[in-house]
Every structure is written in structure tokens, then in C-alpha cells.
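See below for the structure under consideration.
As C-alpha cells, then:
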């Protein structure tokens, strides 16, 4: 299903929810609020089993059908909630009105009981989930019990002719006494509007303004969670929420009783609640510690206890409960309108809070901006209340709606109703329901099920805006059908030898190898590209890596500890769950990191306190959204090509073993994944967020590198750096590395991880990506901009004048920085670097070793030269992969960018020029340059490519059809490079080579003369035209 369809379904759900809210109150005015409450509760009871049945739908009909099913359940649930929301408030208002009492105590009791039910219900859900062996389906099924109980209670309380019916009859009697029923007299639209205006007095509008301003301060709780995560362990976060809820439960009812004594008492309770909210925001913003978070949570609970029920009661007290001549009852209609306004305000408050949070995040102070915004909104609300109470209508009893002294029967009915709920909640029904049919969710169905079952592609439109903005995405393990099965508990699986796989199975896995990586098509979405990297393959690759690593290290599989991370790709959580299940099914201990970067995964095998035996990064770099793959590490570095071959051989053997002899199981069938994973011990698969550890490591390196004499801990104070993460995994570099060290990161863009990469491909080689960063530099004028690829093992920069620095220029810049630290060192690059770069490195006192394409080839050659005694401190490919000897020979785009930033800061401290202008001005660049990718037109493209290259070599040796000044490079490691003497000391060159992985020949050409490239290409075109080679060289002829 496309994301557009998903968005459309979500929009329908939102529309129907709002529409039901808007209509339910009006309908309640016609048929009575009690009946609408019962009807809404009935719909909820029917809705709950839908989520439990999703497991059956998934197993029977697949992911797309399950998405439709869950969306239908969400729509159904939102409609049922909307149907009962306004009528339940109208019902409480009616009952309290009949009792002759203020609705304040009733609404506050509703708040206390509702919060108590949510607190206990969540605890029961957790207990049920663990006792059932982490069974989501069973936990979902249990939610039908409180829904059914709520229906029985509501029907018993309101299903007969009760106080509510008396209220309706009384309203009719009043209307008749006034001379018209309101049901018979026909009024025009303008007359109805005038009647409504007369019925709903100014006090209602004043109360609405006060509460709306207050709701601006009540942004989503995820902002609090994000703040707490910076100072608290993940395991402590539920305690924070429980603290809020327990405080509210204990204080709400007493607050309501106090507030009902008089209007002055009501207003004072509200103002005290406002002060509690201000205190909470100050605690969250200024006390960056665990006690500070719990203080803030407690004060939020106090605030909710003192204001939520009381503020609703304040609005209720100004809504008429009698019939309006010519219209009828309007209580439900007024509540529908009120809820509609509150919904708009709450939605907008999250957007505003997010903007405030972004400001302080960019300043390096975390998301505390939202709390200062909340303080402002709370102060405004308090001022509005004081002004309206003193000078207008909120302090005057005359404007409180009253139906007169209630009958004894009505009073007795309300007392019995009150007794029933105050007794039932603390004893029997507390875990089951809340006042006026508010049902407890035993599991967070709506924001949990679709994430844990289907992964981020289908849940992406449902994620909180703050989660997407600030990077609080769910950890790996989202596909809980795989993960839950992998954690159903048992014993460690004993290691065993796999049988030899069939040729067909071996070939399936062999095709997934891409040099020293694994790559494949993980999800559908691109026409003509079929999935060849399903969860089954990931599971077996996990098994294979565990076996390979055990043999490599000489350790039992049960003693291995392996970390797993992922980039933001849509298929990442699903593949993560599957490969983790595979690793754990073999007995390995697995730590899931969730969103991470490739360099961080390697560092999880190196950094003190986090030394894992192996690490896996799930990524496909800059490739389209439907692709994914795996990179593997040990503490010795990334696996070599031959290692990947062995891992995939083990994976193929695992696949054969899982299928069993004689079985014909589909390659994409995940049944045996679940069956094998049932033996896994859940304690061996914890989750952890490693990126803060990696970010702290980067901060330490930067501080030591700059060594600022005045402010060591904020060495970037006064600098402005801009980061373009391309919606990949590099946003942390701006918010968690640069900003905390004092840098201004204003203008940084596309920091939110998004597996669809909606703005541009995160690729430093991509023209659109570099152009986007260049335009941002021109808008914001930073000292430097950094561009990352998806998994942050590559980078590029843009100078302060908007000049892009990638490819040859980036290597030159890194070479200059490296040679300042390590004079005379050798620098290894790939084969397509320019002649100008060679001269630049020589002029800087270094030695240039031009090797093959492929970052792994370049790094391996650097390691080899060091082993041979030749000091080689930088290995860098034109793609942006750069590794330094001092950084474990790891290609880390963030580390490369860090070196440029350190040098930039040091230059300023020393009073020097801009590093980019000072160094790159010495780099000679070609006048003309281009690359041509020529498709080989045969299935046996490797043999044909070798045949053509041999012919090219012989053709050049024979004089290249009379081309003057052409000479083969003395040493060619990849294809054949030809130097072209263009006269007057000018030098061009061409390189013809085979692509590393694709059926292509690649021709790179550079020239120092105008029209020189055309002459070189014409000669090469004649070479292809003179022989019957199976290659499409037409683009050479089309060059103008």
C-alpha cells in the first residue's frame, strides 16, 4: 500500500472522529445523553475484539489486509469515542444540575476515577503481557473485558427511566410553561443563531477562552518523555508517568469538592493549578536531573488534579440545561462545539511546542523551549481568568445556569449514582472502566499494535509530530510477530552444524552479496523489482553470522554478544527483528540499538564499556527506499568480501536446515522463522540506545582536537555550522555533537529520520543533495555546512561562500588537514582521482597512492601499506568514504567532518584564514570532466568486460589510431588509465574500467583544454565502433 493511501485512511479516521464528536452532542439533545453514552459504549465493546483478531488477519491475508483491518478498527474506535464524549459531559452536567449542586465535584471525580482506571489498567496490561509470555494478541483480547463491563455498568445505571429521563421531562415542562416546545416552532437560521446567542451567555465564551489558553500549555506528553530521556534510564520512564497519574488520582476529587464551594474558590483552585504547571515547566526546563524530572511529573499531576475537571465544570456551569425556545435542548450541542474547539487548540499547541523545542535544540539546550512556551501560555490563561473574574462575568453567580431547587427524588438519584461509582472504582471496577463509560485500554492498542506488527512504513503517518521532529523514533524490534516469537522464552539453542544447502538455495543467498556488504530488495514499491531480501533471509543471515563469528573468535555461540542497529529505511525494523531472531535462536546475546549509524555500530565493538564481539548495521546507504542490506563488524573492522561469502554460505545452510529434508518451503515464507525463534530466552535480547555514547565520544574528540584556551568545554562557541542529513541518520551530529559544544546550528535541515527520503537522496555524490546544501548556506551564511549519506559513513562539506566540496576537492581538503598532523604521510585514493589531486598532495609534502574503486579496497590497501612499514594515515574514495589510521581505519563521515571542523576552529583561534579558501585555492582542477556508464549487453557481462578491456589495452599500446600524446599509466590496479599530453604542460587523462557490481563499463575523462574532452571521447568511440563488442556506446556519440 502506498503512503498516500495510508495518509488518506488516517485522514478518514480523523474526519469521522471529529464528525462523530460534532454530531453526537446534537443527537444527544434529541434522544437524551444517556442513550448516546450507552450507544457509544456498545460500539467500543464491539470494537475491541478487532485488534485481537488482527493476528489472524495477518497470518491469513498478509500485511496489506492487516493494515486495512487495523485502520478500520482505529476508525471504528475513534467514532465510538467521539460518539460518547460530548454526551457523557452533558450527562454529568444534567445530573449535577438536578442535584442542585455545582458540576465541579462531579467532573473532578470523573477525572480522578478516569486516571485511576488508566493507572491500574496499564499495570494489569503489563502483568498480563508478561504472564502470557509477551503475547500481544492475548493482551489485546483482554481489553474486551473492561469494555463489556463498562457497557453493563452504563446500561444498569442509565438504561431505565432515571434522573436523566426526569431531566428531559423537566426541560419539556419548562419549555411548555414558556409557551412553545421548541420542537414545533420553525425558526430561520438567523433566528436560531440569535436564540443560541441569547441562551449561551458571555460567561461561557470567557470560560472557553481561559481553557483554550490553558490547553496551549498542555502539549503532548511525548515532549516530557524526550526531555526525561536525556537524564533518565529508559526503564524509569514508566515511573514518571505513574507519578503524574497517581498524584492526579489522589488530589482531583478533593480539589473538586473545594472548588465547588464558591466561584471564588473555584477560580482560586484554578490559579493554584496554573502555578503548579508553571513550576512543572520550570522543573523540566531547568533541573536536568532525575529528581527534577520527578518533581516536574508530580507538579503536572497536581496541575491536572486542580484544573482539568474544574475547568470543564466551569464551562459546563455556563451551558444551559433547559430547552431553548424554537430550538430545544442545546447542552450536547454546546459540548460538541466545545470539544471541537479544544481539539483544534490541542493540535495546534503541539505544533507550537515543537517549534519552541526546535529553537532550543538548535541552540544545544535540548527541547526545553517547549516548556518555556508552556509557561507563557499558562500565564496568559491565568491573567485571562483574573481579568474575566474581576471585571466581567466569571466572578458573578448570576451567570451560572440553574434549573432551580431539585426534587428529593432527583437528589436521591444523584446520591445513589455517586455512591455506586465511588464504591465500585476503588474495589471492583477500577481496573475495568471509568465514569460515564470511559473504557480502560489494557494495552496501548492504537499507537502500539500497528507499530509492533507492521513496522514504520504503515505506522509512519500515525507517529507523534514531536517524535518525527526530534528523532524519537521507536527502537528496533518493531515487527513484534517476529520479535515476540523470538522472545517467547526457553533455553539457549545449542549450536549445531548445518547441512550443505542445495545449489538453488546457495545461489539465492550468493546473489545478495555486494562486495563486502549484503544488499537486496527488501520491500515492494518499485515496479519490476521483486523482493529478494525478505525476513526469512535476514533470519538465516543472522544464524549464519553467529556461526561464522563463533568460528572466527573460537568462542561458543552462547558467549557471543552482538549489537544490531539500523538506518531509517522503511524495512529496517522488520529486518532487524528477523536478524535478531536468527542470532538469538543460535544462542547469541543480542543488543538492539534501534536507529544508529554504521560507524557507531563498529565503535560498539571498540569503546570501553560497550565492547561487543560483533555488530550488524542494517543499511543500503544511498540506494532507494525499497532496498536494504547488512554491514558486519568485529573489533578488527568490517568483514572482507571472502568473509561475507562464508556468512552467506552459512545462511544458505541454515535455510536448508530450517526447511527440513524434502520440504518445499517458499524463500519468502517466514513460518520457520517463528518456529525456530520460539526457543529464545527474552533476557538475551535487550534494547539500548547507543547513539548518546557515540555522540559523547565525538564531543570528547572535538574538545581535545580544538583545545580552546578560553572555553574548553564549548570550543564551538561563536561558530555557525549547518548540517544536511537528508532525512538519514546524521541529524544527531547537529543536535547531539555540535550544539552541545556551543555551535549555532540554525538552518540545519532534514534532520528527521524518514525512510522515504522525501527531500533529496542522502548522498554526498548526488548533485541535488549538494545543491540543496549550497542553497541552505546561501540562506543562512554558516561557517561551514556538512552533508551526510544515509548511514553516515560518508560526508562532504560546503564552504561559507556556497562552494560545494566533495569528490576530489573533499579528498584534497582532508589530505591537507592530515598532512598538517602527519607530514610526509601516504594518502591512498581510488582510481578516478584527478591529476590535480596528485600534484596537490605532492605540493603539501605527501605521497599519493592511486588504487582501485571501492572504499573497502582503498582502506585495505592503506592497512597493507602500513603493515609494510609505509606510514599511511588517510584512505579516501571520491564517493566520500574516508578512513584514518588514528580512527581504527574506519570510514566515518562524521569523523571526517569533525577533522574539518576542528581545523576550522583552530584556524580562527590562531587568527588564520578560512581553511577552505586557504587550502583549496592551491588545488588545480580540470577544465572539463565527465563520466560515462556504458551498458554491457550480455548476461555474461564480466567476461565481456574483461574482453573489451584487454582489447582497449592492446589498442592503446598500438597507438590508439594515431592519437598523439597517449600513454598508459605505468601501474594500473583497475582497468586502464591513459595519460593524455595536451601540450603547453597541460595534461588530460581517461580511465576505462569495469563497474564493481553492475553490468557496466565506466569511462572517466578529464581535460585541461577547451574541447579536449570531446577529442578524447571521439577516439574512444572509434575504438568501440571498430569492433563487434557487446556494449552500448551510443552516449559517447551523443556528446556535444
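In the numbering used here, the protein residues as written are 2 to 1041. Glycine is no exception: its CB is placed at the ideal position from the N, C-alpha and C atoms. Here the structure is a predicted model, which is why all the values come from computation and not from measurement.
Chain-order list of residues whose beta-carbon lies under 6 Å from that of residue i (same chain, five-residue window excluded)
i: residue 1028; result: none
i: residue 956; result: 1024
i: residue 361; result: 369, 370
i: residue 786; result: 723, 774, 778, 799
i: residue 900; result: 818
i: residue 78; result: 48
i: residue 314; result: 104, 105, 108
i: residue 970; result: 978
Nearest-angstrom Cα separation, counted from residue j out to residue i
i: residue 820; j: residue 879; result: 18 Å
i: residue 567; j: residue 754; result: 11 Å
i: residue 510; j: residue 586; result: 20 Å
i: residue 487; j: residue 272; result: Its pLDDT being 37, under 50, residue 487 is placed unreliably in this model, and the value from its coordinates should be taken loosely. Between residue 487 and residue 272, the C-alpha separation is close to 52 Å.
i: residue 987; j: residue 624; result: 38 Å
i: residue 1022; j: residue 997; result: 22 Å
i: residue 843; j: residue 849; result: 7 Å
i: residue 453; j: residue 931; result: Unreliable positioning characterises residue 453 in this predicted model, as indicated by a pLDDT of 33, which lies under 50. A coordinate reading is not provided.
i: residue 693; j: residue 57; result: 39 Å
i: residue 654; j: residue 502; result: 5 Å
i: residue 110; j: residue 356; result: 35 Å
i: residue 963; j: residue 1020; result: 9 Å
i: residue 426; j: residue 223; result: With a pLDDT of only 37 at residue 426, under 50, the local geometry of the prediction cannot be trusted, and no value is derived from it.
i: residue 59; j: residue 533; result: 21 Å
i: residue 1011; j: residue 927; result: 10 Å
i: residue 52; j: residue 139; result: 10 Å
i: residue 234; j: residue 691; result: 12 Å
i: residue 302; j: residue 124; result: 18 Å
i: residue 577; j: residue 535; result: 11 Å
i: residue 46; j: residue 114; result: 20 Å
i: residue 209; j: residue 704; result: 52 Å
Chain-order list of residues whose beta-carbon lies under 8 Å from that of residue i (same chain, five-residue window excluded)
i: residue 1032; result: 935, 936, 937, 938, 945, 949, 1002, 1025
i: residue 264; result: 390, 395, 396, 397, 398, 401
i: residue 1038; result: 1022
i: residue 1; result: Outside the displayed span of the chain (2 to 1041) sits residue 1, for which this structure offers no information.
Other residues of its chain near residue i: CB distance less than 7 Å, five sequence neighbours each side excluded
i: residue 204; result: 319, 394, 395, 400
i: residue 216; result: 343, 346, 347, 350
i: residue 696; result: 733, 737, 738
i: residue 207; result: 389, 393, 394, 395
i: residue 514; result: 645, 646, 649
i: residue 700; result: 738, 741, 742
Among the options, nearest to residue i - alpha-carbon criterion
i: residue 741; options: 715, 765, 730, 840; result: 715
i: residue 34; options: 57, 61, 85, 81; result: 85
i: residue 70; options: 82, 49, 552; result: 49
i: residue 828; options: 815, 836, 88; result: 815
i: residue 1009; options: 941, 836, 888, 954; result: 836
i: residue 1016; options: 36, 1034, 577, 991; result: 991
i: residue 336; options: 27, 299, 953; result: 27
i: residue 277; options: 83, 372, 974; result: 372
**Asked** Considering only residues of the segment 233-284, which uninterrupted beta strand (DSSP E) runs meet the minimum length of 3 residues and lie entirely inside it, listed in chain order?
**Response** none
**Prompt:** Between the segment 796-813 and the segment 739-749, do at least 3 Cβ pairs fall closer than 8 Å?
**Reply:** no
**Asked** If we count Cβ pairs, one from each stretch, closer than 8 Å, do we get three or more for the segment 900-913 versus the segment 602-619?
**Response** no
**Asked** Does the segment 878-892 come within contact of the segment 911-925, defined as at least 3 CB pairs closer than 8 Å?
**Response** no
**Inside the segment 28-62 only - alpha helix (DSSP H) runs reaching at least 4 residues** = 34-53, 55-62
**Message:** With a threshold of 8 Å, are at least 3 pairs of Cβ atoms found where one atom belongs to the segment 790-806 and the other to the segment 760-769?
**Reply:** yes
**Message:** So, does the segment 634-646 touch the segment 525-545, judging by three or more C-beta pairs under 8 Å?
**Reply:** no
**Item:** Inter-stretch contact at 8 Å, needing at least 3 Cβ pairs: the segment 631-642 / the segment 595-604
**Value:** yes
**Message:** Three Cβ pairs or more, each shorter than 8 Å: is that satisfied between the segment 291-304 and the segment 218-233?
**Reply:** yes
**Message:** I'd like the ranges of any beta strand (DSSP E) spanning at least 3 consecutive residues and lying wholly in the segment 925-1011.
**Reply:** 929-937, 967-969, 977-982, 988-995, 1001-1008
**alpha helix (DSSP H) runs wholly inside the segment 316-341, at least 4 long, in chain order** = none
**Message:** With three or more C-beta pairs closer than 8 Å as the rule, is the segment 296-315 touching the segment 239-255?
**Reply:** yes
**Request:** Please list the segments of the alpha helix (DSSP H) lying wholly inside the segment 197-236, counting only runs of 4 or more residues, in order along the chain.
**Result:** 203-217, 223-230
**Asked** Can you list, in chain order, the stretches of the alpha helix (DSSP H) that have 4 or more residues and sit fully within the segment 680-719?
**Response** 692-707
**Message:** Please give the ranges of any alpha helix (DSSP H) in the segment 488-575, keeping only runs that are unbroken, at least 4 residues long and fully inside the region.
**Reply:** 504-511, 536-554
**Request:** For the segment 753-841, list the beta strand (DSSP E) runs that are entirely contained and at least 3 residues long, ordered along the chain.
**Result:** 785-789, 796-800, 827-830
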